[in-house]
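Colleague: So the protein sequences, as listed, match chains A and B. FYI, in my numbering the residues of the first sequence are 1 to 156. FYI, in my numbering the residues of the second sequence are 157 to 346.
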Amino acid sequence: MARFKKKKSSGMQAINTSALPDIIFMLLFFFMVTTTMREVTLIVQVIPPEASEVQKLEKKSLVSYIYVGVPMKKAKFGTESRIQLNDAFASTTDIAEFIATEKEQRSEEDRPFMTTSIKADKATRMGVITDIKQELRKVGALKINYSSRKVAGISY
Amino acid sequence: MASRKVPEINAGSMADIAFLLLIFFLVTTTMDVDTGITRKLPPPVEDDTEMDINERNIFKVLVSSSDRLMVEGSLSDIRTLKEDVKEFMTNPGNREDLPEKELRYIENLGDVEVSKGVVSLKNDRGTSYEMYIKVQNELTTAFRELRDDISLRFYGVKFKNLINKDRRKAVQKAIPIAISEAEPENIGGN
Numbered sequence: 001m002a003r004f005k006k007k008k009s010s011g012m013q014a015i016n017t018s019a020l021p022d023i024i025f026m027l028l029f030f031f032m033v034t035t036t037m038r039e040v041t042l043i044v045q046v047i048p049p050e051a052s053e054v055q056k057l058e059k060k061s062l063v064s065y066i067y068v069g070v071p072m073k074k075a076k077f078g079t080e081s082r083i084q085l086n087d088a089f090a091s092t093t094d095i096a097e098f099i100a101t102e103k104e105q106r107s108e109e110d111r112p113f114m115t116t117s118i119k120a121d122k123a124t125r126m127g128v129i130t131d132i133k134q135e136l137r138k139v140g141a142l143k144i145n146y147s148s149r150k151v152a153g154i155s156y
Numbered sequence: 157m158a159s160r161k162v163p164e165i166n167a168g169s170m171a172d173i174a175f176l177l178l179i180f181f182l183v184t185t186t187m188d189v190d191t192g193i194t195r196k197l198p199p200p201v202e203d204d205t206e207m208d209i210n211e212r213n214i215f216k217v218l219v220s221s222s223d224r225l226m227v228e229g230s231l232s233d234i235r236t237l238k239e240d241v242k243e244f245m246t247n248p249g250n251r252e253d254l255p256e257k258e259l260r261y262i263e264n265l266g267d268v269e270v271s272k273g274v275v276s277l278k279n280d281r282g283t284s285y286e287m288y289i290k291v292q293n294e295l296t297t298a299f300r301e302l303r304d305d306i307s308l309r310f311y312g313v314k315f316k317n318l319i320n321k322d323r324r325k326a327v328q329k330a331i332p333i334a335i336s337e338a339e340p341e342n343i344g345g346n
């Protein structure tokens, strides 16, 4: 019968893409929520040591970071381990001021929960770290965290 | 007035805009979770008064500038450190040269023997940070396993799976993390 003309199959059928924006938006929101912008540009090289007994740092807004490592531009700044606070090289005497500024930025009730995370390269000598620790003790920033990468078991 | 039809906005490029934003966040995102070993530093001391701790209560760990380990005055290895610490803290045979234990009443647990032992960790200025973290890691493991033991004995679950806050506190009280990061000392000469 001519009434029901068989549709000629014209190759592939177009896929309905009207839901595509929704999918993309879903992904977008996921990344927007999980994203944390890098606040400082590293000018020292930091390869964290490995440890199995690590704890997650909760409340990132209450953490101040101290970076220790060999400068990236070795030709210009040498190969000695240096401390980086914010975006610049610093010496141990600058730590007190750095912690004071960090404290000021937090509200009164958050200050007791502030943590200082020491992000040091694994090849660093303990002398620098000890100096930092002594300086932190002086200013009363006693909660510290030795930043390290989580591995299942450390190799001896 | 007759309701005029509002012309529909073409939403075809919506996906493109969303893609643009998505790619921006994809690029700027850093998924690294910050992890590390948490420690509490001792408050600064005003005067150099000797701490009154019995010799038998201190477990001395020393990391030399060449990353070698000295435990209680003799050369040791990092592989045995964990068991050494555990034995020291529990003192199963009630030996004279291992730390004293104090019977203390802890809420939720009852009377528990709490060790008075303290692990004293000393390092040289020349010790590598990697080795230091390894030692810290071993010490933490020892204390974590001790807590697991207590937790398993009383509550039947490991410490990290213990949800009840009061119970966690009780276990923490029974096994306090007694690691002292001692005053710096220049031992090895650097």
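Glycine residues also receive a C-beta, built at the ideal position from the N, C-alpha and C atoms. For clarity, every value in this text was computed on a predicted model and none was experimentally measured.
With C-beta atoms as the reference, is I66/A less than 8 Å away from I83/A?
Modeller: Yes, the pair counts as a contact, with Cβ atoms nearer than the cut-off.
Colleague: Can you tell me the Cβ-Cβ gap for I331/B and V291/B, rounded? I've got them flagged as a contact below 8 Å.
Modeller: The Cβ separation is near 19 Å, so there is no contact.
Colleague: Given that N279/B touches chain A, what residues does it touch there, using C-beta distances under 8 Å?
Modeller: The contacting residues are M126, T130.
Colleague: I need the DSSP call for Q13/A, collapsed to helix, strand or coil.
Modeller: Q13/A: coil per DSSP, three-state reduction.
Colleague: Alpha carbon to alpha carbon, what distance is there between E294/B and M114/A?
Modeller: About 26 Å.
Colleague: With a Cβ-Cβ cutoff of 8 Å, do E182/B and F31/A count as a contact?
Modeller: The sequence as given places Leu at residue 182/B; Glu does not occur at that position. Going by C-beta atoms, L182/B is nearer than 8 Å to F31/A.
Colleague: Mind checking if R303/B is an interface residue toward chain A, Cβ cutoff 8 Å exclusive?
Modeller: Taking Cβ atoms only, chain A never reaches closer than 8 Å to R303/B, which makes this a no.
Colleague: Just how far apart, CA to CA, sit M287/B and V313/B?
Modeller: Cα-Cα distance, rounded: 32 Å.
Colleague: Tell me which residues share the same chain as L218/B and place their Cβ nearer than 6 Å to its Cβ, disregarding the 5 neighbours each side in the sequence.
Modeller: Cβ within range, chain order: M226, K278.
Colleague: A120/A by DSSP, collapsed to three states: which one?
Modeller: Strand at A120/A.
Colleague: When the cut-off is 8 Å and only beta carbons count, does A51/A lie next to chain B?
Modeller: Chain B contact via Cβ: present.
Colleague: Which residues of chain A have a Cβ atom closer than 7 Å to the Cβ of L197/B, listed in chain order?
Modeller: Here the neighbours are K133, L136, R137, L142, I144.
Colleague: Look up Y65/A in the DSSP assignment and give the residues it is bridged to.
Modeller: Bridge partners of Y65/A: S117/A.
Colleague: Note down the Cα distance separating T93/A from F175/B, rounded to an integer number of angstroms.
Modeller: Roughly 47 Å separates the two Cα atoms.
Colleague: Mind checking which residues open and close the alpha helix (DSSP H) that includes T184/B?
Modeller: Note, T184/B: alpha helix (DSSP H), 170-184.
Colleague: Between which two residues does the alpha helix (DSSP H) containing D131/A stretch?
Modeller: 126-139 is the span of the alpha helix (DSSP H), which, as asked, contains D131/A.
Colleague: On the criterion of 16 or more Cβ atoms from any shown chain inside 10 Å, does V189/B qualify as buried, or is it exposed?
Modeller: So V189/B ends up on the exposed side.
Colleague: Report the rounded CA-to-CA distance for E104/A versus F310/B, giving the unit in angstroms.
Modeller: Cα to Cα, the separation comes out at about 44 Å.
Colleague: So the alpha helix (DSSP H) R235/B belongs to, where does it begin and stop?
Modeller: Residues 234-246.
Colleague: By the 8 Å beta-carbon criterion, what residues does the stretch 14-32 of chain A contribute toward chain B?
Modeller: Cβ contacts with chain B: T17, L20, P21, I24, F25, L27, L28, F31, M32.
Colleague: A171/B versus chain A: which residues are under 8 Å apart at the beta carbon?
Modeller: Per Cβ cutoff of 8 Å: T17, L20, P21, I24.
Colleague: Rounded to the nearest angstrom, what separates V44/A and S147/A at their Cα positions?
Modeller: Between V44/A and S147/A, the C-alpha separation is close to 15 Å.
Colleague: Rounded to a whole number of angstroms, what is the C-alpha to C-alpha distance between Q328/B and T194/B?
Modeller: Straight-line Cα distance between these residues: approximately 15 Å.
Colleague: Rounded to whole angstroms, how far is the Cβ of V275/B from the Cβ of V241/B, which I believe are closer than 8 Å?
Modeller: 6 Å between Cβ atoms; contact.
Colleague: Compute the Euclidean distance between the alpha carbons of E228/B and L28/A, then round it to the nearest angstrom.
Modeller: Those two C-alpha atoms are separated by around 57 Å.
Colleague: Taking the alpha helix (DSSP H) that M26/A belongs to, which residues open and close that run?
Modeller: Where M26/A is concerned, the enclosing alpha helix (DSSP H) stretches over 20-34.
Colleague: Can you name, in chain order, every residue of its own chain whose Cβ lies under 8 Å from the Cβ of L318/B, other than the five neighbours on each side?
Modeller: Around L318/B: S307, Y311, R324, V327.
Colleague: For M72/A, tell me which candidate among S107/A, F89/A, M12/A, K143/A has the shortest Cα-Cα distance.
Modeller: Of the candidates S107/A, F89/A, M12/A, K143/A, the one whose C-alpha sits nearest the C-alpha of M72/A is F89/A.
Colleague: What are the partner residues of A51/A, as DSSP defines its beta bridges?
Modeller: DSSP output for A51/A lists K150/A as bridge partner(s).
Colleague: If we cut at 8 Å on Cβ distances, does T41/A have a partner in chain B?
Modeller: Not closer than 8 Å to any Cβ of chain B, the Cβ of T41/A fails to qualify, so no.
Colleague: For A51/A and L62/A, I'd like the C-alpha separation in whole angstroms.
Modeller: Taking the straight line from one Cα to the other gives about 23 Å.
Colleague: If we cut at 8 Å on Cβ distances, does A174/B have a partner in chain A?
Modeller: Yes - at least one Cβ of chain A is within 8 Å of the one on A174/B.
Colleague: Can P49/A and Y285/B be called in contact, C-beta distance under 8 Å?
Modeller: It is a contact, given that the beta carbons lie within the stated cut-off.
Colleague: Look up E109/A in the DSSP assignment and give the residues it is bridged to.
Modeller: DSSP output for E109/A lists no bridge partner at all.
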